[in-house]
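Protein chains in written order, with our numbering: chain E, 1 to 395; chain L, 396 to 790.
Glycine included, C-beta positions come from ideal geometry on N, C-alpha and C.
Computed from a predicted structure; not experimentally measured.
Protein chains: 2
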Amino acid sequence: LRNVVVLGVGMTPFGKHPDKSLKDLGREAIYRAVQDANIELSQIEAAYVGNAAAGIITGQECIRGQVILSGTGLTGIPVINTENACASGSTAFHLAWMAVASGLYDIVLALGAEKMTHPDKNRTFAALQSATDIEQLSSFPGYEEHKEGQSIFMDLYASEAREHMRKYGTSLETLAKIAVKNSKNGSLNPYAQYQQAQSLESVLQSRIISDPLRLKMCSPISDGAAAAIVCSEKIARQFTTKPVHVAASVVLSGRPRNDQEMDSVQRAAGKAYEIADLGPEDLQVIEVHDAAVPGELLAYEQLGLCPSGEGGRLIESGETEIGGKIPVNPSGGLISRGHPIGATGLAQIAEITWQLRGQAGARQIQNQPKVGLTENAGGFLNGDNGTINIHILTH
Amino acid sequence: LRNVVVLGVGMTPFGKHPDKSLKDLGREAIYRAVQDANIELSQIEAAYVGNAAAGIITGQECIRGQVILSGTGLTGIPVINTENACASGSTAFHLAWMAVASGLYDIVLALGAEKMTHPDKNRTFAALQSATDIEQLSSFPGYEEHKEGQSIFMDLYASEAREHMRKYGTSLETLAKIAVKNSKNGSLNPYAQYQQAQSLESVLQSRIISDPLRLKMCSPISDGAAAAIVCSEKIARQFTTKPVHVAASVVLSGRPRNDQEMDSVQRAAGKAYEIADLGPEDLQVIEVHDAAVPGELLAYEQLGLCPSGEGGRLIESGETEIGGKIPVNPSGGLISRGHPIGATGLAQIAEITWQLRGQAGARQIQNQPKVGLTENAGGFLNGDNGTINIHILTH
Numbered sequence: 001l002r003n004v005v006v007l008g009v010g011m012t013p014f015g016k017h018p019d020k021s022l023k024d025l026g027r028e029a030i031y032r033a034v035q036d037a038n039i040e041l042s043q044i045e046a047a048y049v050g051n052a053a054a055g056i057i058t059g060q061e062c063i064r065g066q067v068i069l070s071g072t073g074l075t076g077i078p079v080i081n082t083e084n085a086c087a088s089g090s091t092a093f094h095l096a097w098m099a100v101a102s103g104l105y106d107i108v109l110a111l112g113a114e115k116m117t118h119p120d121k122n123r124t125f126a127a128l129q130s131a132t133d134i135e136q137l138s139s140f141p142g143y144e145e146h147k148e149g150q151s152i153f154m155d156l157y158a159s160e161a162r163e164h165m166r167k168y169g170t171s172l173e174t175l176a177k178i179a180v181k182n183s184k185n186g187s188l189n190p191y192a193q194y195q196q197a198q199s200l201e202s203v204l205q206s207r208i209i210s211d212p213l214r215l216k217m218c219s220p221i222s223d224g225a226a227a228a229i230v231c232s233e234k235i236a237r238q239f240t241t242k243p244v245h246v247a248a249s250v251v252l253s254g255r256p257r258n259d260q261e262m263d264s265v266q267r268a269a270g271k272a273y274e275i276a277d278l279g280p281e282d283l284q285v286i287e288v289h290d291a292a293v294p295g296e297l298l299a300y301e302q303l304g305l306c307p308s309g310e311g312g313r314l315i316e317s318g319e320t321e322i323g324g325k326i327p328v329n330p331s332g333g334l335i336s337r338g339h340p341i342g343a344t345g346l347a348q349i350a351e352i353t354w355q356l357r358g359q360a361g362a363r364q365i366q367n368q369p370k371v372g373l374t375e376n377a378g379g380f381l382n383g384d385n386g387t388i389n390i391h392i393l394t395h
Numbered sequence: 396l397r398n399v400v401v402l403g404v405g406m407t408p409f410g411k412h413p414d415k416s417l418k419d420l421g422r423e424a425i426y427r428a429v430q431d432a433n434i435e436l437s438q439i440e441a442a443y444v445g446n447a448a449a450g451i452i453t454g455q456e457c458i459r460g461q462v463i464l465s466g467t468g469l470t471g472i473p474v475i476n477t478e479n480a481c482a483s484g485s486t487a488f489h490l491a492w493m494a495v496a497s498g499l500y501d502i503v504l505a506l507g508a509e510k511m512t513h514p515d516k517n518r519t520f521a522a523l524q525s526a527t528d529i530e531q532l533s534s535f536p537g538y539e540e541h542k543e544g545q546s547i548f549m550d551l552y553a554s555e556a557r558e559h560m561r562k563y564g565t566s567l568e569t570l571a572k573i574a575v576k577n578s579k580n581g582s583l584n585p586y587a588q589y590q591q592a593q594s595l596e597s598v599l600q601s602r603i604i605s606d607p608l609r610l611k612m613c614s615p616i617s618d619g620a621a622a623a624i625v626c627s628e629k630i631a632r633q634f635t636t637k638p639v640h641v642a643a644s645v646v647l648s649g650r651p652r653n654d655q656e657m658d659s660v661q662r663a664a665g666k667a668y669e670i671a672d673l674g675p676e677d678l679q680v681i682e683v684h685d686a687a688v689p690g691e692l693l694a695y696e697q698l699g700l701c702p703s704g705e706g707g708r709l710i711e712s713g714e715t716e717i718g719g720k721i722p723v724n725p726s727g728g729l730i731s732r733g734h735p736i737g738a739t740g741l742a743q744i745a746e747i748t749w750q751l752r753g754q755a756g757a758r759q760i761q762n763q764p765k766v767g768l769t770e771n772a773g774g775f776l777n778g779d780n781g782t783i784n785i786h787i788l789t790h
């Protein structure tokens with residue numbers, strides 16, 4: 001496999017964009033990434049496009065990437081459409097990485113784009129439900145109450161939160177501190193859907209979505225797109241003396257039946273550490289999948305930042321804040337940056353790229369980090385994640 | 396890039412399977428391919444899964460591959476879901492090829508599965524429409540009359556047929572002979588949806604779908620799945636002394652704006668010939684995308700089997716029959732084998748694999764062929780194909 005680098009990244013502001021279509025959003029992210037990479041659009045040899053919801057939300061399936069690209073003039077190249085629920089963006093990035101690592105192409109595009117908002121909210125929720133085995137849906141806890149107008153995913157996260165509270169004595173306040181931290185980070189991020197720092201009280205007093213989760217502990221419904229220009233190390237030398245390298249690209253779906261010990265995040269992270277020849281102690285900046293706060297809490301433990309059960313202590317210590325020892329979600333995470341599901345994985349890649357380059361503005365981590373990790377989760381199946389994608393970037 | 400081989404293939408019979416779900420169909424194809432490859436299911440390291448319609452037909456999006464695989468015990472591996480309209484199956488095969496060619500994995504699965512039938516036929520047609528830019532749908536010829544209960548694709552094929560008739564004097568009878576040939580081939584194929592040879596009269600007398608196309612000149616609505624086990628040449632040596640090689644794997648979406656001369660099939664085939672270092676004169680068996688008869692007629696010319704405008708003469712000559720010089724669609728093609736859209740590309744790979752191995756039963760081409768090609772088209776955008784995937788297999 002050849003060495004692969006991220007030559008450029010770009011994203012739209014995340015948020016509710018009633019005036020912008022999936023095409024508009026996707027194209028804006030592409031133009032920004034192309035500009036950041038300092039290449040011409042015509043140098044892109046292939047495109048890998050992640051989107052999860054357009055089929056159910058607008059009826060656009062099948063050739064989603066081609067439809068987005070057709071307005072840019074980038075036609076006549078290979079376009080691969082991919083989806084892996086909330087991890088569609090990092091799946092597109094993985095395919096782009098594989099295409100370059102294989103030697104098949106030198107410069108490719110990875111795009112994640114999603115328009116979740118729709119005047120009929122039931123379409124949005126139907127799209128979210130489709131990230132499970134829909135035949136199993138009716139057996140989910142809380143499905144009966146929530147089947148209209150709410151995603152079952154918050155019930156799943158709530159059940160993880162309750163289990164952590166029961167097993168390890170984690171308090172509601174501790175959980176809420178993750179949302180407080182991420183809202184503070186989001187307030188420094190011009191791309192974030194929510195740019196207002198929240199107090200602990202404000203988080204705790206927001207309405208209950210699925211006990212113990214409050215509204216401000218959960219990611220919102222969002223529109224947005226993010227893109228990366230991925231290329232070979234050799235080509236990158238024409239553009240930059242110090243590119244961002246892809247040290248590991250791992251996609252794993254769920255867990256093997258006979259493995260009761262490790263969940264899918266642990267397994268995927270373990271593989272990524274092995275490939276990159278690094279461990280959790282080497283990480284200097286991390287973006288995790290905090291679709292709701294338990295996602296981040298558990299990721300602390302699953303990624304090996306702290307022992308099992310000590311996620312609560314880690315957030316309380318302040319070490320995962322921007323000024324701490326191992327900043328997590330400096331972008332604001334899914335909770336504050338927003339979560340246009342197919343775009344999130346590439347927004348994480350963009351954030352880590354900016355942090356490693358020292359270009360993250362007001363939210364830049366001091367002593368410019370050299371090693372970053374992204375964790376992007378998608379879907380739910382048989383009690384585990386539908387997919388977990390881990391990327392390690394180095395600079 | 397490493398050399399890549401097809402170690403095993405399998406498919407379900409294509410047809411209307413009201414009693415079988417997408418999961419049932421997908422799993423059956425996987426089990427058959429695994430058995431054909433003579434491997435254990437657990438040896439599969441990654442899966443690339445093509446499906447185009449489940450989101451709109453059943454509401455199952457996002458993790459379609461994982462949902463199909465979960466019942467097989469094949470969990471905890473990377474699963475990549477991909478779609479490219481009617482070329483989703485060959486897109487999955489291309490990704491599987493890339494994964495092995497890159498050296499990332501040694502043994503992977505490519506699966507294409509589709510359940511098109513639904514008690515509400517409008518869902519089926521909505522799924523087919525989604526293979527266009529749905530915002531442009533209303534500007535399509537015939538859209539107003541056909542928007543309920545019929546695919547606009549047959550209008551597009553009809554318009555191609557009329558143009559060929561006008562420009563080259565091709566007759567309706569000549570067009571119908573492609574359907575006659577393919578129905579004869581389908582009558583020899585136990586996997587085919589239609590296994591009855593049709594007379595010229597019967598084809599011409601079937602009802603008009605979109606003038607000049609008659610029902611029996613068009614592919615039907617189908618359910619089915621097809622799979623391939625793809626592996627490195629080195630690993631294949633443990634299983635077989637004479638594997639089927641992937642000599643070229645090309646995916647191209649539409650045509651560049653500035654290219655008025657070559658359509659996407661010509662461009663993709665040209666690339667494939669270059670990569671395989673072969674020309675149309677070397678081909679001994681071909682499966683093309685005859686979603687309707689003009690698809691096959693034009694493919695004769697676009698693939699270089701005959702000069703432009705002489706497709707009609709080629710079918711009249713009998714040379715594309717099973718006993719002819721260059722048999723096309725010995726399986727019966729999409730018209731007779733059926734067209735479960737995401738599965739078709741892998742059914743083509745399966746057919747060519749069987750033909751190259753001399754295992755095609757009653758439809759086996761004499762003097763066992765050594766070089767075969769598949770052409771799988773998907774979607775429609777800006778006057779050209781959404782994607783064209785060409786594979787060349789050698790033995």
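Pair every Cβ in the region 257-264 of chain E with every Cβ in the region 474-485 of chain L, then say whether three or more of these pairs are closer than 8 Å.
no
With a threshold of 8 Å on Cβ separation, who are the neighbours of R650/L within its own chain once the five nearest residues in sequence on each side are excluded?
M657, D658, S659, R662 and D779
Please confirm if L252/E has its CB atom under 8 Å from at least one CB of chain L.
yes
Proximity below 8 Å, CB of L47/E to CB of V108/E:
The sequence shown places Ala at residue 47/E, rather than the Leu named in the question. Cβ distance < 8 Å, so A47/E and V108/E count as in contact.
Residue span of the alpha helix (DSSP H) that contains H559/L, given as start and end
F548 to Y563
Inter-residue spacing [alpha-carbon to alpha-carbon] between N446/L and E40/E
33 Å
Strictly below 8 Å CB to CB, what residues from chain E border I721/L?
Per Cβ cutoff of 8 Å: no residues; I721/L is ~27 Å from chain E at best.
Just list the beta strand (DSSP E) runs in the region 589-630 of chain L, keeping only unbroken ones of 3 residues or longer that don't cross its boundaries, in chain order.
603-605 and 618-627
Along the chain, where does the alpha helix (DSSP H) that runs through N185/E open and close?
L172 to G186
Do three or more CB pairs link the region 781-789 of chain L to the region 636-644 of chain L at distances below 8 Å?
yes
Based on Cα-Cα distance, which residue from G295/E, A53/E and A176/E lies nearest to S202/E?
A176/E
If you run the structure through DSSP and keep just helix, strand and coil, what is I787/L?
strand
For T241/E, count neighbouring C-beta atoms within 10 Å of its own C-beta (all shown protein chains included) and say buried if the count is 16 or more, exposed if not.
exposed
Please report the distance separating the alpha-carbon of R397/L from that of S183/E.
48 Å
Under 8 Å, with one C-beta from each stretch per pair, do the region 678-692 of chain L and the region 106-123 of chain E reach the 3-pair mark?
no
For H734/L and K415/L, the rounded distance between their alpha carbons:
16 Å
Between G774/L and chain E, is any beta-carbon pair separated by less than 8 Å?
yes
Top-ranked residue by Cα proximity to C701/L, from E676/L, S617/L, F634/L and A757/L
E676/L
Taking the alpha-carbon of E669/L as reference, which of L692/L, S644/L and P689/L has the nearest alpha-carbon?
S644/L
Using 8 Å as the limit for Cβ to Cβ distance, is R650/L near chain E?
yes
Just verifying my parser: in three-state terms, what is the DSSP assignment at M262/E?
coil
Taking 6 Å as the limit between beta carbons, can you name the residues of its chain near S614/L, skipping five residues before and five after?
A686, L729, I730 and H734
Using a Cβ cut-off of 7 Å, which residues of the region 74-85 of chain E contact any Cβ in chain L, in chain order?
T75, G76, I77, P78, V79, I80, N81, T82, E83, N84 and A85
Spell out a yes or no on whether the region 107-127 of chain E and the region 318-337 of chain E are touching, meaning 3 or more CB-CB pairs, one atom from each, closer than 8 Å.
no
Under a three-way DSSP split, which group does D19/E fall into?
coil
Interface residues of the region 511-529 of chain L facing chain E [CB-CB below 8 Å]
A521, A522, Q524, S525, A526, T527, D528 and I529
For chain E, find out if any of its Cβ atoms is closer than 8 Å to the Cβ of A496/L; answer yes or no.
yes
Nearest-angstrom Cβ-Cβ length linking L12/E and L22/E, presumed shorter than 8 Å
According to the sequence provided, residue 12/E is Thr. The question's Leu does not apply to it. 11 Å between Cβ atoms; not a contact.
Which of helix, strand or coil DSSP assigns to I475/L:
strand
Reduced DSSP secondary structure (H/G/I, E/B, other) of V723/L:
strand
Just how far apart, CA to CA, sit E45/E and Y31/E?
15 Å
Is the region 60-71 of chain E close to the region 755-774 of chain L, with three or more CB pairs under 8 Å?
yes
Would you mind sorting L595/L into buried or exposed? The rule is 16 or more other CB atoms within 10 Å of its CB.
exposed
Quick check: V251/E and T353/E, are their CB atoms within less than 8 Å of each other?
no
So, with DSSP's three-state summary, where would you put K370/E?
coil
First and last residue of the alpha helix (DSSP H) that includes S249/E?
Note, S249/E: premise wrong, no alpha helix (DSSP H); beta strand (DSSP E) at V244 to L252.
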